[in-house]
Amino acid sequence: MRIKYIYQLFLSHISILIIAFMILSLVVAQYAESFVYEDKVEELEQYGNRILTDVQNNRGERALKEYEQVLSARGIRFSLFDDKGMIFYPYAGNAPRFQPTEEEWQNLKEGERIVVKHEIKRFNQEVSLVALPYLENGNLSGGILLVSPIKGSRETISEINRYLLYTILISLSVSLLLSWFLSNVHVKRIQRIRNATSMIAEGKYDISVPSSNIDEIGELANDFNNMAEQLKQSNQEIESLENRRRKFMADVSHELRTPLTTISGVIEGLKNNMIEEGEKEKGIQLVSQEAKRLIRLVNENLDYEKIRSNQVKLFKEEIQLTEAFEIIKEHLFFQAEEKQVELKIDGNEEITVFADYDRLIQILINITKNSIQFTESGTVWLRGKKGYKETIIEIEDTGIGMDPKEVESIWQRFYKADMSRTGHQFGEFGLGLSIVKQLVHLHQGEIVIDSRKDHGTKFILKFPDKKHDL
Numbered sequence: 083m084r085i086k087y088i089y090q091l092f093l094s095h096i097s098i099l100i101i102a103f104m105i106l107s108l109v110v111a112q113y114a115e116s117f118v119y120e121d122k123v124e125e126l127e128q129y130g131n132r133i134l135t136d137v138q139n140n141r142g143e144r145a146l147k148e149y150e151q152v153l154s155a156r157g158i159r160f161s162l163f164d165d166k167g168m169i170f171y172p173y174a175g176n177a178p179r180f181q182p183t184e185e186e187w188q189n190l191k192e193g194e195r196i197v198v199k200h201e202i203k204r205f206n207q208e209v210s211l212v213a214l215p216y217l218e219n220g221n222l223s224g225g226i227l228l229v230s231p232i233k234g235s236r237e238t239i240s241e242i243n244r245y246l247l248y249t250i251l252i253s254l255s256v257s258l259l260l261s262w263f264l265s266n267v268h269v270k271r272i273q274r275i276r277n278a279t280s281m282i283a284e285g286k287y288d289i290s291v292p293s294s295n296i297d298e299i300g301e302l303a304n305d306f307n308n309m310a311e312q313l314k315q316s317n318q319e320i321e322s323l324e325n326r327r328r329k330f331m332a333d334v335s336h337e338l339r340t341p342l343t344t345i346s347g348v349i350e351g352l353k354n355n356m357i358e359e360g361e362k363e364k365g366i367q368l369v370s371q372e373a374k375r376l377i378r379l380v381n382e383n384l385d386y387e388k389i390r391s392n393q394v395k396l397f398k399e400e401i402q403l404t405e406a407f408e409i410i411k412e413h414l415f416f417q418a419e420e421k422q423v424e425l426k427i428d429g430n431e432e433i434t435v436f437a438d439y440d441r442l443i444q445i446l447i448n449i450t451k452n453s454i455q456f457t458e459s460g461t462v463w464l465r466g467k468k469g470y471k472e473t474i475i476e477i478e479d480t481g482i483g484m485d486p487k488e489v490e491s492i493w494q495r496f497y498k499a500d501m502s503r504t505g506h507q508f509g510e511f512g513l514g515l516s517i518v519k520q521l522v523h524l525h526q527g528e529i530v531i532d533s534r535k536d537h538g539t540k541f542i543l544k545f546p547d548k549k550h551d552l
């Protein structure tokens, strides 16, 4: 069963008010009744004591008449009785008849007063009565009985109860208005969150709701905004990953298609004798080169995925840096000669680097090949020096350089440089630099690039020493 929030709030307020006022009414009514009766009994006792005192002082019947007139005006009647309980004043028959119980009479004999706050049976009406004994030499000689109807007292209590009822009605009205106002405020806040939730369900994550810390709904709004922000970031990350996946698939397809097309074309030419005898050797050599290129692309991609998934284990050792540079120079000699690039080594023979030998050679070859690729008739320097708790390797060229956007992008797989600027078939970075960055990070190292367009590029690598390696 669906119950609107306003009704829930109103029922809650009403229940609390009703219970509170029921308890308050009982307590107030009891207190008021007790207070009114106590006040009436105290008044009767005071008049009774005065009358007994005057009787003891023999002031006579005149004084009693005066008291009778005064008390009659206040609705109080009194009578004097003897030691037998017989009333001897007033003499007329309209005096209240006093018929004490045995226990009451015994108390009077013992000098104790009789107080009855609420009596009906003996006087055929609701009254309060007080009987005060008069003792002579310790014996009961008589006493005085004062009786007052409690009609006025009842009216006072009824008046108090009526005011309590008015208070309840006013409180209920205020509660209704307050419940309506609060429910409207809270329902609107909740509705905003519901609407925002619907938008989130539709895939619209760029949304927020007013929030605060004053109550649970405000905290819920805060949590909702945090959730929406996290969903937005997650969605952006998913989109980014999806775009990268699509781009990767397109790049891989493109990279593999070119050598496969070349191989397929040469084989078809050889098969159908479309290639002259003098060109067959050259065609076979081209097929061999393109096959190696395919193997390299596949191996690099597998290598990259292994590095990303932490499946590569490093076997670090102290490596003489200039010897590694000589190996790089010898390995890339023909490629550098073809581009008319001079490879220069600069470093102290005592400098060592703490790294995995195979991975270090892989890093240096990839970076040096990249420098040669983008340099025409220039120089590539291989430098090594010791830093603070680290070994610093610099590979610098005098090539075409890069603008800041390219510097940020070269770590992406299959990122392609501007072919119009390179004018070379290798105008691309491929997977090599992506692998380089991952391998340097596996060594707990750091790699940065300093490059300006048309002013060359410098790769700076920092490898921590053995005793500082983590």
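Position 155, counted from 1, in the sequence shown is what my numbering calls 237; the numbers after and before it change by one each time, with no gaps. Heads up, the beta-carbon is just placed ideally off N, CA and C, and yes, glycines get one too.
Simplified DSSP state of residue i, which is helix, strand or coil
{"i": "Pro231", "result": "strand"}
{"i": "Gly225", "result": "strand"}
{"i": "Ser316", "result": "helix"}
{"i": "Val197", "result": "strand"}
{"i": "Val322", "result": "Before going on, a small fix: residue 322 reads as Ser here, not Val. Of the three classes helix, strand and coil, the one that applies to Ser322 here is helix, per DSSP."}
{"i": "Ser161", "result": "strand"}
{"i": "Thr249", "result": "helix"}
{"i": "Lys86", "result": "coil"}
{"i": "Pro172", "result": "coil"}
{"i": "Ser294", "result": "coil"}
{"i": "Val558", "result": "Since the first and last residues shown for the chain are 83 and 552, residue 558 lies out of range."}
{"i": "Thr414", "result": "The sequence as given places Leu at residue 414; Thr does not occur at that position. Leu414 falls in the coil class under three-state DSSP."}
{"i": "Val423", "result": "coil"}
{"i": "Ile529", "result": "strand"}
{"i": "Glu476", "result": "strand"}
{"i": "Phe92", "result": "helix"}
{"i": "Arg144", "result": "helix"}
{"i": "Ile289", "result": "coil"}
{"i": "Ile275", "result": "helix"}
Nearest-angstrom Cα separation, counted from residue j out to residue i
{"i": "Glu424", "j": "Asn354", "result": "44 Å"}
{"i": "Trp463", "j": "Gly481", "result": "12 Å"}
{"i": "Lys374", "j": "Lys421", "result": "21 Å"}
{"i": "Phe306", "j": "Ser290", "result": "8 Å"}
{"i": "Gly509", "j": "Thr279", "result": "With a pLDDT of 40 at Gly509, under the threshold of 50, the predicted position of this residue should be treated as unreliable, though the coordinate-derived value follows. Computed Cα separation, rounded: 49 Å."}
{"i": "Pro182", "j": "Leu106", "result": "37 Å"}
{"i": "Pro546", "j": "Leu442", "result": "13 Å"}
{"i": "Leu260", "j": "Ile299", "result": "18 Å"}
{"i": "Tyr287", "j": "Ile275", "result": "13 Å"}
{"i": "Glu319", "j": "Lys395", "result": "29 Å"}
{"i": "Phe92", "j": "Lys270", "result": "17 Å"}
{"i": "Glu311", "j": "Asn325", "result": "21 Å"}
{"i": "Gln402", "j": "Val348", "result": "45 Å"}
{"i": "Val267", "j": "Ser94", "result": "17 Å"}
Residue environment, residue i, which counts as buried when at least 16 other CB atoms sit within 10 Å
{"i": "Asn317", "result": "exposed"}
{"i": "Ala303", "result": "buried"}
{"i": "Glu194", "result": "exposed"}
{"i": "Ile98", "result": "exposed"}
{"i": "Thr434", "result": "buried"}
{"i": "His523", "result": "exposed"}
{"i": "Thr343", "result": "exposed"}
{"i": "Asp438", "result": "buried"}
{"i": "Glu372", "result": "buried"}
{"i": "Ala332", "result": "exposed"}
{"i": "Pro292", "result": "exposed"}
{"i": "Leu323", "result": "exposed"}
Expected contact under 8 Å - CB spacing of residue i and residue j to nearest Å
{"i": "Glu472", "j": "Lys540", "result": "About 17 Å; that fails the 8 Å criterion."}
{"i": "Gly167", "j": "Pro231", "result": "Incorrect: roughly 22 Å between the Cβ atoms, too far for contact."}
{"i": "Ile250", "j": "Phe103", "result": "5 Å"}
{"i": "Glu301", "j": "Asn308", "result": "Contact doesn't hold; Cβ gap of about 11 Å is too wide."}
{"i": "Ser227", "j": "Phe163", "result": "First, the residue type needs correcting, since residue 227 is Leu and not Ser in the sequence shown. About 6 Å separates the two Cβ atoms, so the contact holds."}
{"i": "Ile557", "j": "His413", "result": "With the chain covering 83 to 552 only, the question about residue 557 has no answer from this structure."}
{"i": "Val152", "j": "Val197", "result": "That pair is no contact at about 21 Å."}
{"i": "Gly527", "j": "Leu543", "result": "6 Å"}
{"i": "Glu400", "j": "Lys548", "result": "7 Å"}
Residue i: CB within 6 Å of a non-hydrogen atom of the ligand NAP
{"i": "Tyr89", "result": "Among the ligands in the structure shown, none appear at all, so the ligand NAP cannot be discussed."}
Inspect the CB distances between the region 471-486 and the region 523-541 and report whether three or more fall short of 8 Å. These segments touch.
Three or more beta-carbon pairs under 8 Å between the region 130-147 and the region 214-226, yes or no? Yes: at least three Cβ pairs fall under 8 Å.
Inter-stretch contact at 8 Å, needing at least 3 Cβ pairs: the region 179-190 / the region 237-252: Output reads no: the region 237-252 does not touch the region 179-190.
Should the region 255-263 be regarded as contacting the region 280-287, the criterion being three or more beta carbon pairs within less than 8 Å? Contact annotation: the region 255-263 does not touch the region 280-287, with fewer than three C-beta pairs closer than 8 Å.
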